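Peer 1: In this note's numbering, the protein residues as written are 261 to 613.
Cβ atoms here follow ideal geometry from the backbone N, Cα and C, with glycine treated the same way.
Note that this is a predicted model, so its numbers are computed, not measured.
The structure that follows is given in the form of structure tokens.
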């Protein structure tokens with residue numbers, strides 16, 4: 261579907277501001293998430309529960325999910341001096357340097373950092389600072405070859421700062437993970453997928469709604485605020501994605517059949533749009549820094565399932581790319597009046613184009 265003509269305000273950061281009451285920022289998942297349905301073809305808006313989403317999907321539609329898995333990445337420990345240290349691992353993929361695995365990380369301490377600094381994490385992990393990068397990140401090595409197992413046992417699951425100031429607990433290990441998560445590599449969950457239960461997936465399948473899976477590992481850049489006054493000056497973060505042959509064939513088959521495709525979440529949409537009509541080979545890792553905002557024509561999907569996003573965020577701009585900025589802000593204003601819950605643990609939105 262071609263985009264409507266945009267006006268100059270659509271390309272200004274200030275145009276994506278809205279006021280959100282703090283009490284509408286969800287701190288835990290609701291027992292039953294709500295769903296705002298917007299049909300861009302008819303203009304109809306419906307308020308419902310997410311469990312009924314199948315009622316609004318056309319026959320034989322395809323839902324495309326991101327099956328990345330969030331890994332526990334936040335370690336709390338001490339410096340050599342005994343002071344507090346916090347290490348946030350940014351990726352499970354290491355770079356080999358002089359036969360040593362170097363991992364990207366953020367490190368928070370009260371003192372100046374220098375190469376060779378060591379940090380200890382109970383019961384027996386040590387990290388050594390090997391590299392200081394210009395972008396504020398660091399390269400660290402560990403005294404174990406199996407860092408994943410240690411993280412699974414002792415690290416905290418990362419949650420956004422707007423949820424309990426980023427302090428996760430054991431409930432978040434389950435709540436902040438989709439039930440179909442498989443490929444370890446994200447520091448943030450593809451949150452639209454959190455609404456799907458096994459019961460709902462079975463119900464959708466019985467209604468002949470099909471599903472496909474891609475993987476995009478969500479990086480810390482997803483929380484990076486847009487600071488550029490004009491959107492053209494914003495540099496989008498890069499994230500790695502891949503898909504296998506079976507799911508690629510299914511997506512192409514549905515397109516040939518001219519059935520409808522819905523992205524489950526903004527990350528799935530980024531994969532679909534980044535790979536659309538490019539004949540990318542399956543089972544290869546690609547990188548995308550695609551920035552979807554008004555003025556960009558989304559061609560790969562017929563709809564989007566998503567949550568309600570932060571003001572002035574690239575995700576809000578992505579939704580505006582789907583249905584226009586004015587309509588997006590109008591629907592967000594309605595959602596606030598109707599007391600929908602916002603952000604990662606909040607309610608859902610179905611956009612039909």
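Who does residue 441 pair with in a DSSP beta bridge?
Peer 2: By one-based count along the chain shown, residue 441 stands at place 181. Paired residue(s): none; residue 441 is not in a bridge.
Peer 1: Check whether the segment 322-338 and the segment 446-463 touch, using three or more Cβ-Cβ pairs below 8 Å as the test.
Peer 2: yes
Peer 1: What's the gap between the Cα of residue 561 and the Cα of residue 431?
Peer 2: As a first step, residue 561 must be located in the chain shown, where it is residue number 301. As a first step, residue 431 must be located in the chain shown, where it is residue number 171. Between residue 561 and residue 431, the C-alpha separation is close to 34 Å.
Peer 1: May I ask you to report which of helix, strand or coil DSSP gives residue 378?
Peer 2: Working through the chain shown from its first residue, we reach residue 378 at position 118. Looking at residue 378 - three-state DSSP - the assignment turns out to be strand.
Peer 1: Put residue 602 into one of helix, strand or coil per three-state DSSP.
Peer 2: What you label residue 602 is simply residue 342 of the chain shown in a count that begins at 1. It is a strand residue.
Peer 1: Answer yes or no: do residue 352 and residue 479 have a C-beta to C-beta separation smaller than 7 Å?
Peer 2: On the chain shown, residue 352 is found 92 positions in, with the first residue counted as 1. On the chain shown, residue 479 is found 219 positions in, with the first residue counted as 1. Against a cut-off of 7 Å, the Cβ pair of residue 479 and residue 352 comes out as no contact.
Peer 1: Determine the burial state of residue 262: buried for a count of at least 16 other Cβ atoms within 10 Å of its Cβ, exposed for fewer.
Peer 2: Stepping through the chain shown from its first residue, residue 262 is reached at position 2. Interpretation of residue 262 is limited by its pLDDT of 44, a score under 50 that renders its predicted location unreliable; the figure taken from the coordinates is listed afterwards. Residue 262 sits exposed, since fewer than 16 C-beta atoms from the chains shown fall within 10 Å of its C-beta.
Peer 1: Starting from residue 609, trace the beta strand (DSSP E) in both directions and tell me its first and last residue.
Peer 2: Stepping through the chain shown from its first residue, residue 609 is reached at position 349. 608-612 is the span of the beta strand (DSSP E), which, as asked, contains residue 609.
Peer 1: May I have the straight-line CA-CA distance separating residue 376 from residue 585, to the nearest angstrom?
Peer 2: Within the chain shown, numbered from 1, the residue matching residue 376 stands at position 116. Within the chain shown, numbered from 1, the residue matching residue 585 stands at position 325. Using only the alpha carbons, I get a separation of about 49 Å.
Peer 1: What does DSSP give as the partner residue(s) for residue 579 in the beta ladder?
Peer 2: As a working note, residue 579 is residue 319 in the chain shown. For residue 579, which the question treats as bridged, DSSP gives no partner whatsoever.
Peer 1: Straight-line CA distance for residue 394 to residue 407?
Peer 2: Against the chain shown, residue 394 aligns to sequence position 134. Against the chain shown, residue 407 aligns to sequence position 147. Taking the straight line from one Cα to the other gives about 25 Å.
Peer 1: Going by DSSP in three states, residue 262 sits in which element: helix, strand or coil?
Peer 2: Taking the first residue of the chain shown as position 1, residue 262 is located at position 2. Confidence is the limiting factor: at residue 262 the pLDDT is only 44, short of 50, which leaves the residue's position unreliable, though a coordinate-based value still follows. Coil.
Peer 1: Secondary structure at residue 594, three-state DSSP: helix, strand or coil?
Peer 2: In the chain shown, counting from the first residue as 1, residue 594 sits at position 334. Helix at residue 594.
Peer 1: Apply the 10 Å Cβ neighbour rule to residue 306 and answer buried if 16 or more other Cβ atoms are within range, or exposed otherwise.
Peer 2: Counting from one through the chain shown, the residue named residue 306 turns up at place 46. The Cβ neighbour count for residue 306, taken over all protein chains shown within 10 Å, is under 16; the residue is labelled exposed.
Peer 1: Suppose you measure from the CA of residue 369 to the CA of residue 288; what does that come to, to the nearest Å?
Peer 2: Residue numbering aside, residue 369 sits at position 109 when the chain shown is read from its first letter. Residue numbering aside, residue 288 sits at position 28 when the chain shown is read from its first letter. Cα-Cα distance, rounded: 29 Å.
Peer 1: Where DSSP assigns a beta bridge to residue 307, which residues make up the other side?
Peer 2: Position 47 of the chain shown holds residue 307. Looking at the DSSP assignment, residue 307 forms a beta bridge with 296.
Peer 1: Have a look at 601, 576 and 556 and flag the residue whose alpha-carbon is nearest the alpha-carbon of residue 589.
Peer 2: Your numbering for residue 589 matches position 329 in the chain shown. The option with the nearest alpha carbon to residue 589 is 576.
Peer 1: For residue 491, collect the residues of the same chain with a Cβ closer than 6 Å to its Cβ; drop the 5 residues on either side in sequence, then sort them by chain order.
Peer 2: The residue given as residue 491 occupies position 231 in the chain shown. If we look at residue 491 and ignore the five residues flanking it on each side, its Cβ neighbours are 271 and 553.
Peer 1: CB-CB under 6 Å to residue 399, same chain, minus the five flanking residues each way: which ones, in chain order?
Peer 2: Against the chain shown, residue 399 aligns to sequence position 139. Annotation for residue 399: 362, 390 and 391 place their beta carbon closer than 6 Å to its own, counting only its chain and skipping 5 residues before and after.
Peer 1: When we look at the beta-carbon of residue 384 and count the other beta-carbons within 10 Å, is it buried (16 or more) or exposed?
Peer 2: The count along the chain shown starts at 1 and reaches residue 384 at position 124. With fewer than 16 other Cβ atoms within 10 Å, it is exposed.
Peer 1: CA-CA distance, residue 416 and residue 381?
Peer 2: Taking the chain shown and counting its residues from 1, one reaches residue 416 at position 156. Taking the chain shown and counting its residues from 1, one reaches residue 381 at position 121. Going by the C-alpha atoms only, they are around 12 Å apart.
Peer 1: Output the residue ranges of the beta strand (DSSP E) runs that lie fully inside the segment 468-556 and measure 3 residues or longer, sorted by chain position.
Peer 2: You should have 470-476, 499-502, 521-524 and 546-548.
Peer 1: Starting from residue 411 and walking both ways along the beta strand (DSSP E), at which residues does that stretch end?
Peer 2: If you number the chain shown from 1, residue 411 lands on position 151. No beta strand (DSSP E) holds residue 411; the alpha helix (DSSP H) holding it covers 407-414.
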